[in-house]
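Only one structure is covered here, and it is reproduced in the block below.
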Amino acid sequence: MSPRSRTPRAAAACAPWVRTRLRTAPGAACAFALLVVVTAFLAAAFPRAVDSYENKGLRHDLGEVDPTRSVLEVSGPQPGLELPVAARESAVREAALASVQRRVLTGLPEPVRADASQSAYGVRTSEPIPAGEPWFPRPYGLDPALTYVTQSALPGHATLRTGTWPAVRGEVTLTTREVEAAVTEQTAKALRIRPGATVSVPTRGGEPLTVRITGIVAPRDPGASYWSAEPLLRSPSLVAQPTKETPRYYWIAALLLPPDAAPALLATTGQPELYWRIAPDGARLTALDVPRLRTAVASLEGGPELLEMREVAGDTVTVTTGLDEVLTAYDGMRGAIQPVVTVAAVGIGAVAAVILLMTGGLMAGRRHAELALLRARGASLSGIGGRLLAETAVTAVPAGALGLLLAVLAVGEARLWPAVAGAAGVVALVCVALPLRTTLLHRTPRLHGGREDLVAARPSRRRTVAELTLLVLAVGAVTALRRRGTDGAGGTDLLISAAPVLVGLIASVVLVRLYPLPLRLALRSVAKLRGAVGFLALARAGRTSAAGTLPLLALLVALTTAAFGGSVLAGVADARDGAAVRAVGADARISGQADSVPLSDGLIRAVRETDGVRDTAPVQIEYGVALPAPESGFEDAKGATLIGVDPVTYSRLARSTGIGAFPADRLEATGPATPKGTLPSKDRVLPVLVSPSVAQRLGDRPRDLQSLAGDFKVRVAGTVADTPAVDDTSFIIVDSASLTHRRTTALLLTGDRLDAGALRTAARHTGEDFTVLTRAEERASYVDTPMQTGAERIYAAAIAAGAGYALLAVLLSLLQTAPERTTLLARLRTMGLTSRQGGRLLGFEAMPQALLAAGGGLLVGWATIALLAPGIDLVRLALSSGPGSGPLDTAPLRTDPWSLVLPALGVVVLAAVVAGAQAWWAGRRGSITELRAGDSR
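Following the numbering used here, the numbering of the sequence shown begins with 63 at its first residue and continues without gaps.
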């Protein structure tokens with residue numbers, strides 16, 4: 063036969079290595095690919111999720127903030143008096159202002175972008191001008207004050223309800239003495255304005271300017287920046303006249319003139335000024351734009367960009383905005399949430415890496431004999447490693463790409479490269495670590511190795527040094543986290559974020575070191591028993607293949623991460639519940655304006671009869687009660703809040719809410735109660751509960767107290783740090799039955815299912831403007847930013863991923879020795895072992911490791927939370943306000959029992975189920991299938 067005819071046969075005799083291996087074990091390849099897909103998805107989805115909620119949070123903050131704070135306003139005084147009259151008139155006309163507006167919008171620095179549809183410009187009188195027309199309402203006898211505005215594009219943002227649109231008749235100049243105007247519906251209703259009405263405006267020339275109202279309009283989008291940047295355009299307001307006496311209020315409102323009527327305003331006494339109002343557009347902003355946006359805003363307010371604006375709009379214009387405050391608040395929340403989220407990311411990342419290494423160990427163990435034979439026949443390490451790399455890459459690269467694709471589809475509006483880096487990191491770890499670990503086991507050609515039992519193992523010096531190094535790192539990370547917290551000034555610290563992982567690593571090392579001690583004691587006890595099942599199970603439990611450091615590390619870190627995530631969510635929920643209780647004071651609260659309007663007896667009876675109301679606590683609240691002069695003689699104006707309560711009902715309320723609980727008998731006064739409407743005895747002293755600051759002010763002896771509720775003497779009977787009725791730090795609680803002038807100004811309700819609608823209906827029937835607050839509604843209001851909800855979703859995913867990886871670690875640990883256990887059962891069955899005894903054997907063998915992992919996970923999870931709790935404050939994650947600016951000053955991390963117990967219990971249950979299933983399956987296959995001649999197992 064010619065060489066040419068032999069070549070195809072020789073080529074056909076050598077099948078491709080990768081294809082052959084994948085065909086040999088398709089199930090293992092598919093399971094491995096699925097693991098890589100899930101891990102790559104998590105690694106790619108995490109940075110995209112963070113980007114997504116940070117971007118949405120920024121847009122939410124810019125979109126939901128009051129336009130008075132977010133708008134950029136370029137304003138300047140009227141054209142100088144030194145200019146010719148024609149030049150002054152031309153500078154305030156529509157064409158000139160519109161030209162400046164276009165140049166201002168195009169000259170905005172990046173990334174500041176304007177919403178041109180909501181931006182406006184015009185001329186306004188900066189000083190409201192009193193109107194003396196007799197038909198105007200005067201609640202306190204004061205003339206209303208009117209502002210005159212020539213805002214652009216009024217017909218595009220309003221709907222004409224009555225009359226006609228205001229227009230200019232001919233050319234309006236500085237000497238024009240009649241112009242037209244429009245008002246909104248709210249202004250017309252409050253000030254009784256009708257079409258055809260005229261308002262006389264004083265001018266510097268003496269002859270007044272007549273403004274004729276021609277139409278009444280309704281804003282199309284009242285909450286938009288066009289109307290809300292200056293709320294006076296939309297609705298009038300009652301303002302107090304500056305005085306030291308009882309305040310008197312007067313109306314202030316705005317009249318809307320056509321843009322070309324601006325020259326007539328130059329003659330008025332209202333100090334006209336020009337303005338260009340720019341509504342920001344945050345639809346395309348991302349969290350990465352925040353530093354540049356802050357710099358651009360600062361430059362517009364007082365930097366090079368302000369000089370550019372002055373070249374466009376005039377040398378005297380200024381730029382004002384509250385965007386810098388909005389961005390500062392956004393950065394504060396992001397800086398508080400990001401390190402806490404990083405803790406979860408580092409924990410899940412460490413667990414995933416360990417699981418991938420465990421998978422590599424399982425693959426290496428299954429193919430140890432095959433690769434050892436190749437090595438004995440002369441195969442090189444590079445050749446074996448190259449084949450394993452190709453084998454792994456064929457499965458891992460498409461799986462990683464699929465995981466990246468799923469992450470991109472699942473989480474939109476985020477950067478791509480961090481997700482690509484995360485998925486590529488997973489693929490690189492798999493393609494490098496798995497072949498490398500498998501290859502290094504065969505550096506020396508050998509077919510069989512000695513058995514290594516964990517019970518008899520003696521750690522080497524290198525291992526001891528490595529463990530001590532890890533211990534030092536863990537102690538340093540925990541100490542830094544407790545002292546600096548997660549929101550240090552230097553940003554996110556990976557060492558601090560890795561504290562739970564390092565604690566779990568040290569715990570796994572310690573547990574592996576201690577594990578042989580109870581196992582040896584158990585072996586000695588079981589060896590004295592007659593049965594062999596217990597002894598065999600405990601003897602096999604000491605093998606390193608089933609109880610090594612790597613599976614235990616994966617379990618402990620996974621359980622710790624799940625417990626940490628559950629504790630974060632539990633702490634957030636507790637903080638919101640506590641803030642809602644402190645804000646309302648009970649499950650519901652009914653009160654008037656400033657807690658000063660008395661509630662009628664009919665209202666109180668109607669509320670008590672409402673479904674769901676379990677108990678009511680009527681209170682009388684009086685703010686600003688003057689305290690006696692301190693004994694030091696230094697007088698200050700600081701007052702206190704007087705709270706008159708029924709001791710029994712209020713004490714029950716304080717106990718149920720957990721806010722300032724006290725015994726009811728502390729407020730019981732000696733002697734008979736004071737009849738309503740009569741004066742108490744001058745010598746009678748009322749016991750009171752006070753806050754610590756008031757206790758320091760009143761001292762120990764009886765002190766005189768004067769209030770609207772009566773004049774009496776009080777003696778401090780005890781102190782409480784806070785109380786349900788008010789959220790003040792200075793308060794006095796007294797028995798309302800001892801007050802001279804008794805009335806109920808607030809009603810605190812408790813109940814399981816309060817009907818807020820029924821309570822509001824009962825309050826409306828009184829005819830007074832009472833406010834009904836419920837704890838449930840207040841609780842729901844705290845989840846209002848995408849950053850909060852996004853961080854919570856990440857922690858919920860961390861809990862699920864941690865529990866899932868923990869169960870997968872148990873499964874991989876058991877699968878690694880599954881063939882050996884199956885062969886052992888087959889051999890023991892030939893010696894008379896029953897199926898029930900086989901199940902007990904595998905169950906007893908798996909339980910020590912499962913109980914070690916579950917117990918260690920419980921202990922390490924609890925210890926980790928206890929160690930890290932002082933350095934983690936969840937107040938920014940739970941509430942949109944910062945520490946000290948909301949109902950709570952702090953929201954500490956607390957242990958959540960369910961997050962600790964459920965994953966640990968799942969580990970034990972899974973180990974038992976897998977052991978039972980393997981025993982059942984081995985019993986079905988029979989012994990002959992497993993015991994083959996020449997099998998070295």
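Ideal Cβ placement from N, Cα and C applies to all residues, glycine included. Computed from a predicted structure; not experimentally measured.
Where residue i sits in the DSSP three-state scheme
| i | result |
| --- | --- |
| valine 845 | coil |
| glycine 780 | strand |
| glycine 138 | strand |
| leucine 573 | helix |
| tyrosine 115 | helix |
| aspartate 762 | coil |
| glutamine 333 | coil |
| leucine 208 | strand |
| valine 537 | helix |
| serine 132 | helix |
| threonine 836 | strand |
| arginine 651 | strand |
| alanine 551 | The predicted position of alanine 551 is uncertain, since its pLDDT is 49 and thus under 50; a value taken from the coordinates is nonetheless stated next. In the structure shown, alanine 551 sits in coil (DSSP, three-state: anything other than H, G, I, E or B). |
Counted within 10 angstroms of its Cβ, other Cβ atoms place residue i as buried (16 or more) or exposed
| i | result |
| --- | --- |
| arginine 81 | exposed |
| cysteine 493 | buried |
| histidine 504 | buried |
| serine 299 | exposed |
| leucine 389 | buried |
| glutamine 980 | buried |
| leucine 583 | exposed |
| alanine 148 | exposed |
| aspartate 123 | buried |
| leucine 811 | buried |
| threonine 209 | buried |
| glycine 119 | buried |
| glutamine 400 | buried |
| serine 188 | exposed |
| arginine 164 | exposed |
| proline 562 | buried |
| threonine 348 | buried |
Nearest-angstrom Cα separation, counted from residue j out to residue i
| i | j | result |
| --- | --- | --- |
| leucine 295 | threonine 212 | 11 Å |
| glycine 864 | glycine 364 | 50 Å |
| threonine 851 | glutamate 195 | 54 Å |
| valine 776 | arginine 804 | 17 Å |
| alanine 862 | methionine 395 | 25 Å |
| valine 381 | leucine 478 | 37 Å |
| leucine 253 | valine 834 | 30 Å |
| glycine 277 | tryptophan 227 | 6 Å |
| tryptophan 982 | leucine 618 | 29 Å |
| serine 132 | glycine 384 | 5 Å |
| glutamate 370 | leucine 134 | 15 Å |
| glycine 89 | alanine 95 | 10 Å |
| serine 718 | isoleucine 794 | 20 Å |
| threonine 19 | glycine 933 | Limits of the chain in this structure are 63 at one end and 999 at the other, which puts residue 19 out of reach. |
| glutamate 840 | leucine 941 | 11 Å |
| proline 786 | leucine 876 | 55 Å |
| alanine 463 | threonine 404 | 24 Å |
Cross-strand partners of residue i (DSSP beta bridge)
| i | result |
| --- | --- |
| isoleucine 683 | Ile705 |
| threonine 957 | For threonine 957, which the question treats as bridged, DSSP gives no partner whatsoever. |
| arginine 812 | Note on residue identity: the sequence assigns threonine, not arginine, to residue 812. Paired residues: Asp677. |
| isoleucine 46 | No answer is possible for residue 46: the residues shown for the chain start at 63 and end at 999. |
| isoleucine 861 | For isoleucine 861, which the question treats as bridged, DSSP gives no partner whatsoever. |
| phenylalanine 108 | None; phenylalanine 108 has no bridge partner. |
| isoleucine 314 | Ala207, Ser299 |
| valine 185 | Leu336 |
| leucine 767 | Phe774 |
| arginine 437 | For arginine 437, which the question treats as bridged, DSSP gives no partner whatsoever. |
| valine 381 | Val136 |
* Where in the stretch 212-291 do unbroken runs of the beta strand (DSSP E), each at least 3 residues long, occur, reported from the N-terminal end onward? -> Within the stretch 212-291, the runs of beta strand (DSSP E) that reach at least 3 residues and sit entirely inside it are, in chain order, 220-225, 240-246, 260-263, 271-281.
* Asked: Enumerated in chain order, which unbroken segments of the alpha helix (DSSP H) with a length of 4 residues or greater are wholly contained in the stretch 138-170?
  -> Entirely contained in the stretch 138-170, the alpha helix (DSSP H) runs reaching 4 residues are, in chain order, 147-153, 156-168.
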